[in-house]
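K.L.:
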Amino acid sequence: MVLKQCHTRLKVVVFNHTVKWYDPTHNQHRVSSSVPAPPSSLTAVCSSVITTSCTKFDKPTWRRRRAPGPKTMQVCAGTHMSIRELSTSIRALQYDLNAEVPQSEGRKLFFDTHAVVRLLEENGFTTQQAEVIVQVLMRMTNSNMDAIYNDMVTKVQQEIMLQRVMSQIASVKKDMIILEKSEFSTLLAENEKVKIQLMELKVQLADLMNKVRSDTILDMNLEKSRFKELKVENEKKLLEARTETLEMSAEQDRHLTQTNMKIDTEVAGLKTMLESHKLDTIKYLAGGTLVYFFVLLANECMLQWLSLVRVGSFDQF
Numbered sequence: 004m005v006l007k008q009c010h011t012r013l014k015v016v017v018f019n020h021t022v023k024w025y026d027p028t029h030n031q032h033r034v035s036s037s038v039p040a041p042p043s044s045l046t047a048v049c050s051s052v053i054t055t056s057c058t059k060f061d062k063p064t065w066r067r068r069r070a071p072g073p074k075t076m077q078v079c080a081g082t083h084m085s086i087r088e089l090s091t092s093i094r095a096l097q098y099d100l101n102a103e104v105p106q107s108e109g110r111k112l113f114f115d116t117h118a119v120v121r122l123l124e125e126n127g128f129t130t131q132q133a134e135v136i137v138q139v140l141m142r143m144t145n146s147n148m149d150a151i152y153n154d155m156v157t158k159v160q161q162e163i164m165l166q167r168v169m170s171q172i173a174s175v176k177k178d179m180i181i182l183e184k185s186e187f188s189t190l191l192a193e194n195e196k197v198k199i200q201l202m203e204l205k206v207q208l209a210d211l212m213n214k215v216r217s218d219t220i221l222d223m224n225l226e227k228s229r230f231k232e233l234k235v236e237n238e239k240k241l242l243e244a245r246t247e248t249l250e251m252s253a254e255q256d257r258h259l260t261q262t263n264m265k266i267d268t269e270v271a272g273l274k275t276m277l278e279s280h281k282l283d284t285i286k287y288l289a290g291g292t293l294v295y296f297f298v299l300l301a302n303e304c305m306l307q308w309l310s311l312v313r314v315g316s317f318d319q320f
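Under the working numbering, residues 4 to 320 are what the sequence shown spells out, in order.
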């Protein structure tokens, strides 16, 4: 059997009851995994539940294992169990990939329900309560096994589906080969046409490039010659402008020298005139001063004479 993914979950029911310890001499060994037991000890049929011992009574746990074969689950019973009280029909300590599944309905495993009932009775449950709990466990395991096996498929079905898939793959491969053979020739012809067109385009592009290159070379030569002519003309114009500027500067120098000479001559004439005017002014000043002194002397003489004349007249009187 091949197991698919199963997302079912199992619920754990915890019963609060007083714990009764059974005789350790009766249970010489604690069960830590699934242990084989003789088929004669089986009293009832249920879905596969592999019960292991737990060290804590208040924490029952479910353990799920996935394997290509039927799924098995480990349940913590809440108390220590002996080989004699609860045993399964599986002969491997752990789930073996190659283990043979019992052929009762093709998919079920077995455990001793009477041993479970007896264990529950020893731990404080009545017979009716123990039977009800065992029935609940049987229903839970049956429903869980049904849910699990609904997601499983047999090897025969798997092989049939594999053969179908392989046949479909083979038909697809044949179709692909036929399509390749039929379309390959057309693709080759189209490829050849495209190659021819590409060669023609290459030739046309080469011609166009040559034409463009020749045109650009001619244009560049013409532009170079034109620039050379312009350069010569500009140099001539520069020489003419330089000669004109030199001539103008020479004329300006001559005019400046002439004006400087005229200014010098006029300044010399003005200086001579100033000198002559200075002499004249000196003469005029000297004559004026002499005349002033003579006038003063004449006035004084007149005053003295008048005074003498007055004195002489008084003497006569």
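Backbone N, C-alpha and C fix where the C-beta goes; we use that ideal spot for every residue, glycine too.
#1: Spell out a yes or no on whether the region 116-123 and the region 133-144 are touching, meaning 3 or more CB-CB pairs, one atom from each, closer than 8 Å.
#2: Might you give, ordered along the chain, the residues of its own chain that have their beta carbon closer than 8 Å to the beta carbon of residue 130, omitting 5 neighbours on each side?
#3: Can you have a look at residue 273 and say buried or exposed, based on whether 16 or more other CB atoms are within 10 angstroms of its CB?
#4: Take residue 284 and list the residues in its own chain whose beta-carbon comes closer than 8 Å to its own, dropping the five residues that flank it on each side.
#5: From which residue to which residue does the alpha helix (DSSP H) around residue 116 run?
#6: For residue 139, tell me which candidate among 156, 116 and 161 has the shortest Cα-Cα distance.
#7: Among 128, 144 and 174, whose alpha-carbon lies nearest the alpha-carbon of residue 114?
#8: Span of the alpha helix (DSSP H) holding residue 144?
#9: Measure the C-alpha to C-alpha separation of residue 179 and residue 221 and round it to an integer number of angstroms.
P.N.:
Straight from the coordinates:
#1: yes
#2: 120 and 124
#3: exposed
#4: none
#5: 116-125
#6: 116
#7: 144
#8: 130-153
#9: 60 Å
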